[in-house]
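Residue numbers (full-length UniProt numbering), protein chains in the order written: chain A, 1 to 157; chain B, 1 to 157.
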DNA sequence: TATGAAAAGATAATCCC
DNA sequence: GGGATTATCTTTTCATA
């Protein structure tokens with residue numbers, strides 16, 4: 001991380017992870033600083049890239065029936081060009097919300113937000129299995145959500 | 001979803017998913033509205049719960065070495081009380097960023113942000129396997145991140 | 001009922017210490 | 001880093017269609 005962050009910076013980052021709609025004075029008070037230095041730190045944290053974005057978290061259930069499905073892909077050997085097309089395809093499909101390469105026998109883990117089982121069935125055959133290099137898809141549907149956050153645990157708080 | 005949302009509301013929600021730091025005038029311009037009706041819609045979307053929170057997205061890599069690991073848990077039968085303790089424990093462990101109950105033979109999928117393999121080894125034996133009802137843990141480590149977002153695909157945009 | 005315009009209030013951003 | 005000032009944006013009110 002390059003320790004250019006002190007405890008106050010970490011406190012600020014963690015507050016922003018929880019609620020980024022607070023004013024700089026409110027955050028300042030929470031972390032024990034006055035408004036202007038706190039604001040300066042926030043600007044610095046954005047400029048240095050520690051804060052990548054500020055986004056609204058929507059209520060998935062209120063926006064319609066949908067379920068997360070984990071899909072593990074087994075991949076064949078890919079040329080650089082195919083790998084780029086694969087990556088780009090994943091970027092371009094909004095229902096794929098996360099994608100990771102894996103250790104072990106399956107090669108890629110996807111998290112897919114599926115509007116329905118029928119949709120996912122078609123998605124598997126018409127989309128996933130046609131992506132460059134995809135040889136096999138193993139899917140695990142989720143039943144319910146226990147926890148879902150993007151808050152990163154910050155060291156030494 | 002109860003169609004109390006029109007296309008403008010969905011456009012606003014999607015903008016906020018991408019960048020919630022924009023002013024209401026900027027968002028108004030993007031969706032083709034003037035500032036005050038746009039602002040009122042945003043308020044309504046918050047009040048009705050479509051917008052759950054507004055958070056900063058941090059750069060995980062800049063904040064130190066870490067890797068996501070997917071852990072699939074096989075669970076035994078749980079009493080209601082044990083289930084509550086299990087759920088609470090998951091809530092309380094910040095390194096567990098997501099948790100879902102599953103269809104199929106494994107019962108729970110966790111996404112864990114591990115600072116290191118050594119940490120995860122200890123976490124498996126000292127924490128996961130001691131949670132109420134946990135009988136077996138199968139872990140899949142990720143090698144690299146291809147995509148990671150919380151942006152929900154919104155219908156009819 | 002929804003919109004637009006405009007005033008009042010709060011916040012962000014800058015300056016100086 | 002803190003305090004005070006200015007610029008900007010948010011939020012409320014009011015008039016209009």
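All C-beta atoms, glycine included, are put in the ideal place defined by N, C-alpha and C. A quick note: this is a predicted structure, and the numbers were derived from the prediction, not measured.
I need the straight-line Cα distance from residue i to residue j, nearest angstrom please.
| i | j | result |
| --- | --- | --- |
| residue 129 of chain A | residue 72 of chain A | 11 Å |
| residue 212 of chain A | residue 90 of chain A | In the structure as shown, chain A begins at 1 and stops at 157. Residue 212 of chain A is therefore absent and cannot be evaluated. |
| residue 144 of chain A | residue 120 of chain A | 17 Å |
| residue 54 of chain B | residue 26 of chain A | 15 Å |
| residue 49 of chain A | residue 19 of chain A | 18 Å |
| residue 39 of chain A | residue 21 of chain B | 15 Å |
| residue 127 of chain A | residue 79 of chain A | 20 Å |
| residue 46 of chain A | residue 99 of chain A | 25 Å |
| residue 41 of chain A | residue 3 of chain A | 15 Å |
| residue 23 of chain B | residue 36 of chain B | 11 Å |
| residue 60 of chain B | residue 148 of chain B | 11 Å |
| residue 117 of chain A | residue 44 of chain A | 45 Å |
| residue 151 of chain B | residue 14 of chain B | 8 Å |
| residue 76 of chain B | residue 12 of chain B | 44 Å |
Determine the extent of the alpha helix (DSSP H) in which residue i is found, giving its start and end residues.
| i | result |
| --- | --- |
| residue 40 of chain B | 35 to 47 |
| residue 11 of chain A | 7 to 18 |
| residue 67 of chain B | From DSSP, residue 67 of chain B is part of no alpha helix (DSSP H) but of the beta strand (DSSP E) over 67 to 75. |
| residue 93 of chain A | Here residue 93 of chain A belongs to no alpha helix (DSSP H), and DSSP marks it neither H nor E. |
| residue 117 of chain B | 117 to 126 |
| residue 26 of chain A | 24 to 31 |
Note the first and the last residue of the continuous beta strand (DSSP E) segment covering residue i.
| i | result |
| --- | --- |
| residue 136 of chain A | 134 to 148 |
| residue 110 of chain B | 108 to 114 |
| residue 58 of chain A | 51 to 58 |
Pull up the CB-CB distance for residue i and residue j, whole angstroms please, since I reckon it's below 8 Å.
| i | j | result |
| --- | --- | --- |
| residue 58 of chain A | residue 74 of chain B | Not really, about 32 Å apart at Cβ, beyond 8 Å. |
| residue 103 of chain A | residue 122 of chain B | Not confirmed; about 19 Å, so no contact. |
| residue 153 of chain A | residue 95 of chain B | 5 Å |
| residue 139 of chain B | residue 69 of chain B | 6 Å |
| residue 124 of chain A | residue 108 of chain A | With a Cβ gap of about 14 Å, residue 124 of chain A and residue 108 of chain A do not count as contacting. |
| residue 51 of chain B | residue 56 of chain A | 5 Å |
Take every Cβ of the region 32 to 41 of chain A, pair it with every Cβ of the region 4 to 12 of chain A, and state whether three or more of those distances are shorter than 8 Å. yes
Touch test, the region 111 to 119 of chain B against the region 51 to 66 of chain A, Cβ-Cβ under 8 Å, three pairs minimum: no
Taking contact to mean at least 3 C-beta pairs separated by less than 8 Å, is the region 84 to 98 of chain A in contact with the region 130 to 137 of chain A? yes
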